[in-house]
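**Student:**
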Amino acid sequence: NAGVTQTPKFRILKIGQSMTLQCTQDMNHNYMYWYRQDPGMGLKLIYYSVGAGITDKGEVPNGYNVSRSTTEDFPLRLELAAPSQTSVYFCASTPGTHRGVRNEQYFGPGTRLTVT
Amino acid sequence: AQTVTQSQPEMSVQEAETVTLSCTYDTSESNYYLFWYKQPPSRQMILVIRQEAYKQQNATENRFSVNFQKAAKSFSLKISDSQLGDTAMYFCAFTPPFQKLVFGTGTRLLVSP
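Chains as they are written, first to last, in our numbering: chain Y, 21 to 136; chain V, 2 to 114.
1) Can you give the Cα-Cα distance for residue 59/Y and residue 103/Y, rounded to whole angstroms?
2) Which first and last residues belong to the beta strand (DSSP E) in which residue 40/V is found?
3) Just to check my reading of the structure: residue 110/V and residue 88/V have Cβ atoms closer than 8 angstroms, yes? What is that Cβ distance to the nearest angstrom?
4) Work out the CA separation of residue 28/V and residue 93/V for me, nearest whole Å.
5) Looking only at C-alpha atoms, which of 94/Y, 100/Y, 52/Y sits nearest to residue 102/V?
6) Got a sec? Which residues, its chain only, sit under 7 angstroms from residue 110/Y by beta carbon, not counting five neighbours each side?
7) Can a CB atom of chain Y be found closer than 8 angstroms to the CB of residue 21/V?
8) In the DSSP output, which residue or residues are listed as bridge partners for residue 40/Y?
9) List, in order along the chain, the chain V residues whose C-beta lies closer than 9 angstroms to that of residue 78/Y?
10) Are the stretch 16-25 of chain V and the stretch 76-83 of chain V in contact at 8 angstroms, needing three or more beta carbon pairs?
11) Can you list the residues of chain V that residue 124/Y reaches, using a CB-CB cut of under 7 angstroms?
12) With burial defined as no fewer than 16 other Cβ atoms inside 10 Å of the residue's Cβ, what is the status of residue 136/Y: buried or exposed?
13) Using a Cβ cut-off of 7 angstroms, pull out every chain Y residue sitting near residue 104/V, in sequence order please.
14) Taking only beta-carbon positions, decide if residue 110/Y is within less than 8 angstroms of chain V.
15) Between which residues of its own chain and residue 120/Y is the CB-CB distance below 7 angstroms, once the five residues before and five after are set aside?
16) Excluding the five sequence neighbours on either side, which residues of its own chain have a C-beta within less than 6 angstroms of the C-beta of residue 36/V, listed in chain order?
17) Nearest chain Y C-beta to residue 107/V closer than 8 angstroms, yes or no?
18) If you drop the 5 nearest sequence neighbours on each side, which residues of the same chain put their C-beta closer than 6 angstroms to that of residue 69/V?
19) Pick helix, strand or coil for residue 23/Y, following the three-state DSSP scheme.
20) Could one say the Cβ of residue 92/V lies closer than 8 angstroms to chain Y's Cβ atoms, at least one of them?
21) Can you tell me which of 107/V, 78/V, 72/V puts its alpha carbon nearest to the alpha carbon of residue 30/V?
22) Within the continuous beta strand (DSSP E) that includes residue 141/V, where are the two ends?
23) How close, in whole Å, do the beta carbons of residue 23/V and residue 40/V come, if the pair is a contact with beta carbons under 8 angstroms?
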């Protein structure tokens, strides 16, 4: 298994540009998440999904959109990039069950995004 | 609101010594999971250890162990026989319902020769 993969690893955007951060997992996990990590800080949840076709906002969703058309993929879209979105973005997944078993999250390697 | 507090922004320890990182959390839930994640300079988030709140026994993973005090809502990480490769940021995290992890702000650990 490749686990959780993210592309690209690095990206520089100009203010107002758009881009999609890709996230794919091959572990057949139901739950997927997007986090951002600002310098010297912990991770903050942007959006999450409990299964294909279902997404919900996390702590800091403004300026982002997500979709979940398949179990494997959970792309994060930035429509109008702003300097405040300069951060490292992590995608994560966890199996989850209907009984709500709390398993650890498996993280991708991260995408470092700079908006100038 | 669920919160996780790590009160030590930075810690230093010498090789082979023992260090303890502190973590407290706030929740009204009775069942939940707690984790310690390690983030080395490569930025990869690596799970170090996990604890299930309904288990009284403290979790251990080789040189890593926790002191879980449920009543005090405390979850500290002890690293024994510290190694240079333990140098990293360490994040405490908590899962309230719906599996949304809540992270602390991290403790930077430096292991010196």
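All C-beta atoms in this analysis are idealised placements derived from N, C-alpha and C, irrespective of residue type, glycine included.
From a predicted model like this one, the values you see are computed outputs, not experimental measurements.
**Tutor:** On the basis of the supplied data:
1) 13 angstroms
2) 34-40
3) 6 angstroms
4) 14 angstroms
5) 52/Y
6) 55, 57, 63, 127, 128, 130
7) Chain Y contact via Cβ: absent.
8) 97/Y
9) 101
10) A contact exists between the stretch 16-25 of chain V and the stretch 76-83 of chain V.
11) 36, 48, 51
12) exposed
13) Neighbourhood of residue 104/V in chain Y, by CB distance below 7 angstroms: 62, 63, in chain order.
14) yes
15) Only weak support exists for where residue 120/Y lies, its pLDDT of 48 falling under 50; the value from the coordinates is given anyway. So the list is empty, once near-sequence residues are dropped.
16) Taken in chain order, the residues that qualify are 51, 94.
17) yes
18) 52, 59, 76
19) coil
20) Using beta-carbon distances, residue 92/V counts as an interface residue toward chain Y, with a partner under 8 angstroms.
21) 72/V
22) Nothing can be reported for residue 141/V, as the shown portion of chain V is limited to 2 through 114.
23) Your pair residue 23/V and residue 40/V does not check out as a contact, with CB atoms roughly 17 angstroms apart and the cut at 8 angstroms.
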